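> Take the sequence shown: its letter number 131 is residue 158 in this note's numbering, and every next letter is one higher.
For every residue, glycine included, the Cβ atom is placed at its ideal position computed from N, Cα and C.
Since the structure is predicted, the reported quantities are computational estimates derived from the model, not experimental observations.
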Amino acid sequence: MIDDILVSSDEEYGDSSSEDERPSLLELPDTLTYRFPKEIMVFEDVDDNAVHHGQRQLQIYIKQCSDKLCAFASYGTTRMCCLIHTPVNEADIEDFVAGVSVKVNGAPYVSETSLRDLIQYIIPSNVLERTFLAVRFAVYSDGGAIVPIALMTAMFALSASAIQVKGIVTAVTVLCEPDGNLTIDPTKDLEQKCRDRIPGYAYVTAMKIMKDDHVRWYDMEGLPKAMHLKAAFNKAAEAASLQYPLMAKMVQQLAERGKNIEGSLG
């Protein structure tokens with residue numbers, strides 16, 4: 028099913044990773060209309076001042092059909108969807124195995140194992156031990172910051188599916204260059220310099236839950252200088268905290284749509 032999304036997107040939009048455009052969620056392929064007939068939430072509020080200063084902002088569009096929920100995310104030129112099949116619990120089948128299955132299309136450098144572990148982490152253990160979730164991500168425009176956007180989009184998709192999560196998830200990638208310059212949410216081209224192991228380039232991805240001062244998870248890619256890596260880590264932790272007000276506003280809008288998630292965010 029998501030393969031259809033990828034094919035349709037490639038054919039209709041080509042390479043939409045240019046930094047000169049900011050894709051709209053209204054550009055989603057028409058072939059999705061009948062697949063996800065029930066609109067759950069659309070959040071497209073954009074701070075014009077932030078856009079003027081070159082800052083990207085997360086936009087979320089959630090739809091549902093009978094047995095699937097799909098959360099579309101747009102973040103500058105990065106666009107993806109997170110598909111969650113109807114959760115299976117231990118009362119549904121005899122040979123039940125709890126846990127999370129994760130598949131990623133369109134971003135081969137992303138670790139499916141890491142995403143699976145992180146999604147399992149944000150779900151309370153008493154819920155996870157009774158549930159099996161099949162989560163699939165499709166990246167159909169890679170402008171960078173794939174992992175942070177995937178984590179935050181998954182949080183919305185889980186909440187809209189009435190799956191309890193530990194709290195509001197915020198995540199950020201910060202890149203450091205050889206001269207020590209730091210870039211929040213770098214582009215794909217900058218990230219690639221880190222994956223290519225160019226000396227001095229590295230990025231740190233940090234995830235927080237709620238307003239906790241502690242970073243719950245972080246990852247590093249590249250060959251940084253030690254002092255620059257520490258600065259990037261601190262900046263990522265700070266930037267993740269600054270995302271909380273916007274994410275809380277989006278969660279509130281989702282709750283107000285009456286998707287039976289009241290009390291699901293601790």
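Between the Cα of Ala275 and those of Leu145, Arg143 and Ser186, spot the shortest distance and give me the residue it belongs to.
Ser186
> Can you give me the Cβ contacts of Leu256 inside the same chain, cut-off strictly under 8 Å, excluding the 5 residues immediately before and after it?
Cys203, Ala229, Val231 and Met247
> Classify Lys252 as helix, strand or coil using the three-state DSSP reduction.
coil
> Would you mind working out which of Leu178, Lys95, Val192 and Arg83 sits nearest Ile67, comparing C-alpha positions?
Out of Leu178, Lys95, Val192 and Arg83, Lys95 has the C-alpha closest to the C-alpha of Ile67.
> At which residues does the beta strand (DSSP E) containing Asn208 begin and terminate?
Looking at the DSSP string, Asn208 is not in any beta strand (DSSP E), and its letter there is neither H nor E.
> Could you check if Val131 is buried or exposed, using at least 16 other CB atoms within 10 Å of its CB as the buried criterion?
buried
> Could you check how far apart the C-beta atoms of Val191 and Ile150 are, in whole angstroms? I think they sit under 8 Å.
Residue identity check: residue 191 is Gln in the sequence provided, not Val. Gln191 to Ile150, Cβ: 7 Å. Contact.
> In the region 188-245, which residue ranges form an unbroken alpha helix (DSSP H) of at least 4 residues, counting only runs that do not cross its ends?
With a minimum length of 4 residues, the continuous alpha helix (DSSP H) runs that stay inside the region 188-245 are 215-222.
> Using C-beta distances below 7 Å, list every residue in its chain close to Asp212, excluding the 5 sequence neighbours before and after it, in chain order.
Arg83, Gly171, Ala172, Val199 and Thr200, listed in sequence order.
> Assuming Thr140 is part of the alpha helix (DSSP H), what are its boundary residues?
Glu139 to Ile149
> Less than 9 Å between the beta carbons of Leu98 and Ala184, yes or no?
Here residue 98 turns out to be Ala, not Leu, going by the sequence shown. Yes.
> Give the C-beta separation of Leu160 and Val124 to the nearest angstrom, bearing in mind that I take them to be a contact with Cβ-Cβ under 8 Å.
Actually they are not in contact, since the Cβ atoms of Leu160 and Val124 sit about 12 Å apart, beyond 8 Å.
> What are the partner residues of Arg106, as DSSP defines its beta bridges?
Ser101 and Ser168
> In its own chain, which residues sit with a C-beta less than 6 Å from the C-beta of Val34, not counting the 5 before and 5 after it?
Because the pLDDT at Val34 is just 34, under 50, the model does not fix this residue reliably, and the value given afterwards should be weighed accordingly. Correct list: empty, nothing qualifies.
> Apply the 10 Å Cβ neighbour rule to Leu269 and answer buried if 16 or more other Cβ atoms are within range, or exposed otherwise.
exposed
> Here's the rule: buried if 16 or more other CB atoms are within 10 angstroms of the residue's CB, otherwise exposed. What is Asp169?
With a 10 Å radius around the Cβ and a threshold of 16 neighbouring Cβ atoms, Asp169 comes out buried.
> Please classify Ala253 as buried or exposed, where buried requires at least 16 neighbouring CB atoms within 10 angstroms.
exposed
> Looking at the secondary structure, which residues open and close the beta strand (DSSP E) in which Gln91 lies?
Leu85 to Gln91
> Select from Val162, Lys215, Gly133 and Ile195 the residue whose C-alpha is nearest the C-alpha of Asp144.
Val162
> Under three-state DSSP, which class holds Glu39?
At Glu39, the pLDDT of 37 sits below 50, so the modelled position is not reliable and the matter cannot be decided from this model.
> Which same chain residues, not among the five before or five after Gly41, have their C-beta less than 6 Å away from its C-beta?
Unreliable positioning characterises Gly41 in this predicted model, as indicated by a pLDDT of 39, which lies under 50. The coordinate reading is nonetheless provided below. For Gly41, where only same-chain residues beyond five positions count, there are no Cβ hits under 6 Å.
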